[in-house]
Amino acid sequence: MVGLEAVAAPRERVLRSRFPASPQAARHPEGSPSVRLHRVFSTIAIATTIGLVTLVTPSTGSAPTQQSSAGPDQVRLGAVLVGGNEVPGPGDPDGFGLADVWVKRGEVCWRITVQSVAPVGAAHIHAGPAGVAGPVVVPLAPYNQGCADTSLRIARFIRLHPGDFYVNLHNADFPGGAVRGQLRR
Numbered sequence: 001m002v003g004l005e006a007v008a009a010p011r012e013r014v015l016r017s018r019f020p021a022s023p024q025a026a027r028h029p030e031g032s033p034s035v036r037l038h039r040v041f042s043t044i045a046i047a048t049t050i051g052l053v054t055l056v057t058p059s060t061g062s063a064p065t066q067q068s069s070a071g072p073d074q075v076r077l078g079a080v081l082v083g084g085n086e087v088p089g090p091g092d093p094d095g096f097g098l099a100d101v102w103v104k105r106g107e108v109c110w111r112i113t114v115q116s117v118a119p120v121g122a123a124h125i126h127a128g129p130a131g132v133a134g135p136v137v138v139p140l141a142p143y144n145q146g147c148a149d150t151s152l153r154i155a156r157f158i159r160l161h162p163g164d165f166y167v168n169l170h171n172a173d174f175p176g177g178a179v180r181g182q183l184r185r
């Protein structure tokens with residue numbers, strides 16, 4: 001394996017040939033103060049560029065595999081699932097979860113993770129604002145990840161008004177709902 005010094009050596013030779021050493025450089029083993037300052041700013045600029053590219057590049061692993069062909073009409077939504085949100089309640093006081101939901105024309109995909117919840121028996125997207133129990137509009141099976149076809153009308157309403165829908169997980173201990181969370185952008 002080639003050491004880092006061997007890779008960096010040609011770069012240093014090129015830099016020295018383009019920028020002859022000054023009398024100050026002889027006094028400073030790392031180069032003149034202006035060269036050191038230039039290196040610091042160059043490093044900051046490169047790190048900032050890499051950071052910005054990382055932030056604006058969509059993550060390829062964030063959606064279910066079925067989502068790779070999604071178009072511009074797709075909307076990504078999320079929900080924080082807790083037992084205290086259950087209506088009429090009670091929900092699981094220790095339960096917690098996160099739901100990622102992708103809605104596009106006639107299709108809903110999801111990935112749900114939960115902690116401190118007994119085995120989940122069913123999961124759904126319900127119509128209903130916070131504090132209201134509503135009807136199931138999209139069954140989520142299996143609960144942890146998948147895609148389901150839905151009507152164009154339901155998909156459109158969820159995309160346009162996510163706060164009027166919620167994700168709800170049920171289990172044997174809490175058949176009315178263990179954890180719930182309103183969808184949001």
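According to UniProt numbering, the sequence shown is numbered sequentially starting from 1.
All residues carry an ideal CB built from backbone N, CA and C; glycine is no exception.
Taking DSSP as the reference, what is the three-state secondary structure of residue i?
i, result
"PHE165", "strand"
"ARG105", "coil"
"GLY83", "helix"
"LEU183", "coil"
"ALA123", "strand"
How far does the alpha helix (DSSP H) with residue i in it extend, from its first residue to its last?
i, result
"ALA155", "152-160"
Considering residue i, what are the terminal residues of the beta strand (DSSP E) in which it resides?
i, result
"PRO139", "136-139"
"ALA130", "Per DSSP, ALA130 belongs to no beta strand (DSSP E) and is neither H nor E."
"GLN145", "145-149"
Which term fits residue i, buried or exposed, when burial requires 16 or more other beta carbons within 10 angstroms of its beta carbon?
i, result
"GLN115", "exposed"
"PRO119", "exposed"
"VAL137", "buried"
"ASP92", "buried"
"LEU160", "exposed"
On a CA-only basis, which of the options is nearest residue i? Give me that one, please.
i, options, result
"ARG105", "GLY176, GLY91 and ASP149", "ASP149"
"GLY134", "GLN74, GLY176 and GLY83", "GLY176"
"ALA130", "VAL87, ASP73, ALA178 and TYR143", "VAL87"
Touching by the beta-carbon criterion (3+ pairs, under 8 Å), the segment 95-113 and the segment 68-87: yes
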